[in-house]
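Following: one structure in C-alpha cells, then a few remarks.
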Amino acid sequence: MGTGDSQNRKRFEQEALPHLDTLFTTALHLTRNRDDASDLSQETMLRAYRSFHQFQPGTDCRAWLLTILYNAFRSRYARERRREQPSTTTEEFERALEVESNRNHSSADPEQMLARSSLEPDVQKALYSLPQEFRTALLLVDVNELSYEEAAKAMEVPIGTVRSRLSRARAMMRYALKQATRIGRSTGS
Amino acid sequence: MDHRQYIEQYLSADVDGALNPAERQAVAAHLAVCADCRQRQADERALKAMVRQGLPILPAPPELRRNIIHALDREDARRLTARRRTLWIGSFAALATAAVLLLLIVAGGPGRQSPANRALQSAVADYLQAERGFTASPAISSQADLALALTNEFGYPFIWDFSPLGLTLAGARIDHRPDGGTVAYSLYKGKAGSILCINLRQVDFAIPPGGQVVHGIHFYRSGDVWVGVVNYGSVFCYFVTRLTPAQMMPALVRNAPNAGA
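Each protein sequence line maps, in turn, to chains A and B.
Numbering-wise (numbering that gives the first Met the number 0), the first sequence opens with residue 0 and increments by one.
Numbering-wise (numbering that gives the first Met the number 0), the second sequence opens with residue 0 and increments by one.
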C-alpha cells in the first residue's frame with residue numbers, strides 16, 4: 000500500500016470508526032434485527048471508505064456516515080421488500096390517532112411514562128411499530144440529533160417533509176406508548 | 000395562529016428549535032395566550048427526552064469491528080490489484096487497438112493524443128476486455144439494481160433500455176479507481192451482439208469533434224467497433240459495440256436525448 004493509501008486508511012480509522020456504535024444502533028432500529036444491523040453497518044463502513052475522498056475534513060463525519068447508512072438501508076430495503084416484520088401501517092395509525100384526538104388528552108402521560116423504571120422495551124417496541132419513514136425521521140433527529148437539514152439530506156426529502164414526518168412520528172409514538180401504558184395498567188405490570 | 004395550527008404545524012419544529020424567525024414570533028404570540036399549547040409544548044419536550052432516554056447508543060458487537068477491519072484490508076488489496084491491472088490493460092490496449100484506430104479522429108495530429116481521444120481508446124479497450132470476459136458485481140442483478148447503484152453514485156439512474164435490440168443486462172459493476180473516480184460498467188448481450196455502457200464523471204471534458212451525431216449521440220468508429228458518447232452535465236455515458244448506429248436505431252429512438260430528431 001502506498002504512503003497516500005496508508006494515510007487515507009489511517010485517517011478513515013481515526014475519523015469514521017469511532018462512530019460505529021452510533022451506526023450499529025441506528026442500523027438495529029432500522030432493520031429490527033441484530034444480524035441485519037451488523038451487515039448493514041459493515042456495508043456502510045465499506046461504502047464510506049470507498050467514497051472517503053468525498054468527505055470534507057472538518058465537517059460532521061457522523062452525519063455523513065448516517066446518510067450513507069440510510070442510503071444503504073434503502074437499497075437493501077428496496078431489494079428485500081417484505082422480509083421485515085410488518086409494522087402498523089400509516090393508515091392504521093392515522094385512524095387510531097384521529098380517534099385518540101377526540102378523547103381528552105392526558106397531559107400527565109409522558110411524565111407517568113418517564114417515571115416507570117423499565118423504559119427501554121416500551122420505547123423500542125413503540126418505535127418498531129412505526130412505519131419505516133416515520134421511524135427513520137425519529138431516529139435521525141431525536142436519537143442521533145441531526146438537524147432538519149442533515150436529516151433531509153440523509154433521507155433525500157425536502158426539509159418540510161422531515162418536519163411533517165417528525166410531527167406525525169411523535170404523535171404515533173405518543174399513541175403507541177399510551178397503548179403500552181394502558182396495557183401495563185390492565186395487566187398489573 | 001390557532002390551537003390546532005400550532006399542534007399540527009409548529010409544535011414539533013418548535014421543540015426542535017427549527018422555526019424560522021417569523022414562525023417563532025407567531026408561536027410566541029400564541030403561547031402567550033394559550034395555556035393548553037404551553038402544556039403540549041412541555042409534553043412534546045418530555046416525549047423527545049423519553050425517546051432519547053429509551054433508545055441509548057448500544058455498543059457494536061466486537062466481531063463487527065473485526066469484520067470491518069478485514070473488509071477494509073480486502074478493499075486495500077483490491078485497489079492495489081486494480082491499479083496494477085489498469086497498467087497492464089493500458090499496455091495491452093495500446094497493442095491490441097493500435098491496428099484498428101486508423102479511422103478514429105485524432106485531434107492535434109499524430110503523436111498528440113487529447114484527453115477526449117484517450118477516453119475513446121480506453122472505452123474501446125474496455126469493450127474488447129468485456130468481450131473476452133466481464134466481471135459483474137453480484138449486488139447488481141437487474142435494471143432496477145443498476146438504476147439504484149447509478150443513482151447512488153451519480154445522482155441519476157443513467158440506464159438505457161436495449162430490449163428493442165433484443166439485448167438484456169448480462170452484468171454490471173461499479174469500479175472505484177485509485178484516483179478517487181468512479182466508473183460504472185453495464186454489459187448488455189443478446190443474439191444481435193453486445194453493448195458495453197460506461198458511465199463516469201469527467202470534469203472539464205468535452206466530447207471530441209468529428210463524430211457522427213445521431214439522435215444527440217456522437218458516434219465514432221474504431222475499425223468495426225463503434226463508440227457512442229453523450230453527456231448529462233459532467234457525467235459522460237459511452238456505448239461501445241460492434242452494432243452500427245443504424246442497427247442501434249430502435250434503441251436510440253426510444254432512449255436518446257433528442258429522440259425523434
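Cβ coordinates follow ideal geometry from the N, Cα and C atoms, glycine included.
Residue i, DSSP secondary structure in three states
i, result
"I6 of chain B", "helix"
"L186 of chain B", "strand"
"V226 of chain B", "strand"
"G57 of chain A", "coil"
"V234 of chain B", "strand"
"E83 of chain A", "Model confidence at E83 of chain A stands at a pLDDT of 49, short of 50, so the residue's coordinates are unreliable and nothing is read from them."
"Y174 of chain A", "helix"
"N198 of chain B", "strand"
"I173 of chain B", "strand"
"H201 of chain A", "The structure shown does not extend to residue 201 of chain A, since chain A is modelled only from 0 to 188, so the question has no answer here."
"L18 of chain B", "coil"
"S221 of chain B", "strand"
"I158 of chain B", "coil"
"G192 of chain B", "strand"
"I68 of chain B", "helix"
"T243 of chain B", "coil"
"V156 of chain A", "coil"
"P60 of chain B", "coil"
"I67 of chain A", "helix"
"L301 of chain B", "Limits of chain B in this structure are 0 at one end and 260 at the other, which puts residue 301 of chain B out of reach."
Cβ neighbours of residue i in the same chain (closer than 6 Å, five flanking residues each side left out)
i, result
"G180 of chain B", "none"
"R115 of chain A", "Note that R115 of chain A scores a pLDDT of 47, beneath 50, so its modelled location is shaky and nothing firm can be said."
"N217 of chain B", "Checking the sequence shown, residue 217 of chain B turns out to be His, not Asn. Closer than 6 Å at Cβ, skipping near neighbours: I206, G210 and V228."
"C196 of chain B", "S185 and F238"
"D38 of chain A", "none"
"Y69 of chain A", "A153"
"C236 of chain B", "F157, N198 and V229"
"F54 of chain A", "W63"
"E43 of chain B", "L10 and V14"
8 Å Cβ shell around residue i - same chain, five flanking residues per side excluded
i, result
"T243 of chain B", "W225"
"L149 of chain B", "Y155, P156, F157, I158, A183 and N198"
"Y18 of chain A", "Reading off the sequence shown, one finds His at residue 18 of chain A, where the question assumed Tyr. The answer, listed in chain order, is C60, R61 and L64."
"T43 of chain A", "L22, A26, L64, I67, L68 and A71"
Test item: CB-CB of residue i and residue j under 9 Å
i, j, result
"F11 of chain A", "L71 of chain B", "yes"
"L126 of chain A", "M172 of chain A", "yes"
"V239 of chain B", "Y155 of chain B", "no"
"Q246 of chain B", "L164 of chain B", "yes"
"S193 of chain B", "L166 of chain B", "yes"
"R169 of chain A", "K190 of chain B", "no"
"R78 of chain B", "D4 of chain A", "yes"
"L65 of chain A", "E149 of chain A", "yes"
"A171 of chain B", "D203 of chain B", "no"
"F23 of chain A", "L54 of chain B", "no"
"V213 of chain B", "L251 of chain B", "yes"
"L29 of chain A", "D15 of chain B", "no"
"V32 of chain B", "Y9 of chain B", "no"
"L139 of chain A", "L145 of chain A", "yes"
"I173 of chain B", "E152 of chain B", "yes"
"L63 of chain B", "S40 of chain A", "yes"
"P60 of chain B", "R31 of chain A", "no"
"V142 of chain A", "V50 of chain B", "yes"
"L129 of chain A", "I67 of chain B", "no"
Same chain, Cβ closer than 7 Å to residue i, five either side skipped, listed in chain order
i, result
"R167 of chain A", "F133"
"A12 of chain B", "L18"
"N254 of chain B", "W159 and D160"
"A47 of chain A", "A15, L64 and I67"
"A175 of chain A", "A125 and S128"
Contact set between residue i and chain D, taken where Cβ atoms lie within less than 8 Å
i, result
"R10 of chain A", "Looking at the structure shown, chain D is missing, and the protein chains on hand are A and B."
Under 7 Å, CB to CB, which of the residues in the stretch 148-171 of chain A have a partner in chain B?
From the stretch 148-171 of chain A, only R162, L165, S166 and R169 have a Cβ closer than 7 Å to chain B.
Taking a cut of 9 Å between CB atoms, which residues from the stretch 55-66 of chain B lie near chain A?
P55, I56, L57, P58, A59, P60, E62, L63, R64 and N66
Could you please tell me which residues of the stretch 12-23 of chain B, in chain order, have their CB closer than 8 Å to any CB of chain A?
A12, D15 and A17
Please identify, using Cβ separations under 7 Å, the residues of the stretch 146-157 of chain B that lie next to chain A, in order along the chain.
From the stretch 146-157 of chain B, only L147 and N151 have a Cβ closer than 7 Å to chain A.
Only counting runs of 4 or more residues, tell me where the alpha helix (DSSP H) segments fall wholly within the stretch 109-149 of chain B, in order along the chain.
114-131
Closer than 7 Å, Cβ to any Cβ of chain A: which residues of the stretch 166-191 of chain B, in chain order?
Those residues of the stretch 166-191 of chain B that come within reach of chain A (Cβ to Cβ, closer than 7 Å) are H175 and G179.
Closer than 7 Å between beta carbons: that is the criterion. Which residues of the stretch 37-51 of chain A meet it against chain B?
S37, S40, Q41, M44, L45, Y48 and R49
Can you pull out the residues from the stretch 16-31 of chain A whose beta carbon lies closer than 8 Å to at least one beta carbon of chain B?
L16, L19, D20, T21, L22, F23, T24, L27 and H28
If contact means a Cβ-Cβ distance below 9 Å, which residues of the stretch 118-142 of chain A contact chain B?
L118, E119, P120, D121, V122, Q123, A125, L126, L137, L138, V140, D141 and V142
Alpha helix (DSSP H) runs wholly inside the stretch 18-49 of chain B, at least 4 long, in chain order:
Those alpha helix (DSSP H) runs which fall completely within the stretch 18-49 of chain B and span 4+ residues are 20-32.
Can you pull out the residues from the stretch 122-143 of chain B whose beta carbon lies closer than 7 Å to at least one beta carbon of chain A?
none
Between the stretch 39-52 of chain B and chain A, which residues of the former have a C-beta closer than 9 Å to a C-beta of the latter?
R39, A41, D42, E43, R44, A45, L46, K47, A48, M49, V50, R51 and Q52
Report the residues of the stretch 24-38 of chain B with a CB closer than 7 Å to any CB of chain A, ordered along the chain.
From the stretch 24-38 of chain B, only Q38 have a Cβ closer than 7 Å to chain A.
The stretch 223-237 of chain B: which residues have C-beta closer than 8 Å to a C-beta of chain A, in chain order?
none
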